[in-house]
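In the numbering used here, the protein residues as written are 204 to 401.
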């Protein structure tokens, strides 16, 4: 379980001219990952910008009445169900993290992590839900590897598509090259990785 009165907050308070809440909120708002605080009844208490953006994508084509996507809420319900006693009270003594993945239209993948979270002024536990855009993570990793292995521009295009899960055939089609060209680029990339000790 995570508490709001952490040593980080105290450290920030002593080293910053801004109040600790403002600094921490700025940090959370600028995270790439979506961060949600949700009640055990599915009420959305807080969501950073990334969480709003990802939840909008998960809600595409659905009525806009509720910000909490149904597929995300079902995952939260599984987490809650796994941590309830016979009388229905949540057991939050153990800091357990629950992970799952959501795929949207076979193209966008989100990794969902859920933990218990207790606010200081409340008696009931809440859920801390983080959403990671797996595609964005793969793109960032591909960019870092492109620089690390000093790939040519064409190899960089092939590697980026490969990291996003494209097949050799898909890469060839998108780049208007033959499958043999894709295979040759991949072979060269793997050789560069080997030279870098990967």
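Here a beta-carbon is modelled for each residue, glycine too, at the ideal position from N, C-alpha and C.
Considering only residues of the same chain and omitting the five flanking positions on each side of residue i, which have a CB-CB separation below 7 Å?
i           : result
residue 248 : 240, 241, 242, 329
residue 213 : Its pLDDT being 45, under 50, residue 213 is placed unreliably by the model, and nothing is read from it.
residue 325 : none
Indicate whether residue i and residue j have their beta-carbon atoms separated by less than 8 Å.
i           : j           : result
residue 334 : residue 315 : yes
residue 338 : residue 312 : yes
residue 301 : residue 320 : no
residue 395 : residue 354 : yes
Measuring alpha carbon to alpha carbon, tell me which residue in the options is nearest residue i.
i           : options            : result
residue 231 : 383, 244, 251      : 251
residue 398 : 331, 352, 386, 369 : 352
residue 286 : 318, 256, 262      : 318
residue 236 : 326, 276, 253      : 253
residue 379 : 390, 340, 361, 391 : 361
Taking Cβ positions only, does residue i come closer than 8 Å to chain C?
i           : result
residue 275 : Of the protein chains in this structure there is only one, and it is not chain C.
Considering residue i, what are the terminal residues of the alpha helix (DSSP H) in which it resides?
i           : result
residue 248 : Careful: residue 248 lies outside any alpha helix (DSSP H), inside the beta strand (DSSP E) at 247 to 250.
residue 170 : The displayed coordinates of the chain run from 204 to 401. Any statement about residue 170 would go beyond what the structure contains.
residue 388 : 382 to 398
residue 374 : 371 to 378
Report all residues from its chain with a CB closer than 6 Å to the CB of residue i; omit the five preceding and five following residues, and keep chain order.
i           : result
residue 386 : none
residue 392 : 358, 362
residue 389 : none
Give every residue of the same chain whose Cβ lies closer than 8 Å to the Cβ of residue i, excluding the five residues on either side of it in the sequence, and list them in chain order.
i           : result
residue 219 : Note that residue 219 has pLDDT 47, beneath the 50 cutoff, so the model's placement of it is unreliable and no number is given.
residue 346 : 363
residue 270 : 247, 250, 255, 258, 262
residue 400 : none
Could you tell me the boundaries of the beta strand (DSSP E) in which residue i lies?
i           : result
residue 242 : 237 to 242
Return the chain-ordered ranges of every alpha helix (DSSP H) run that is complete within the region 279 to 351 and spans a minimum of 4 residues.
As far as the region 279 to 351 is concerned, its whole alpha helix (DSSP H) runs of at least 4 residues are 337 to 351.
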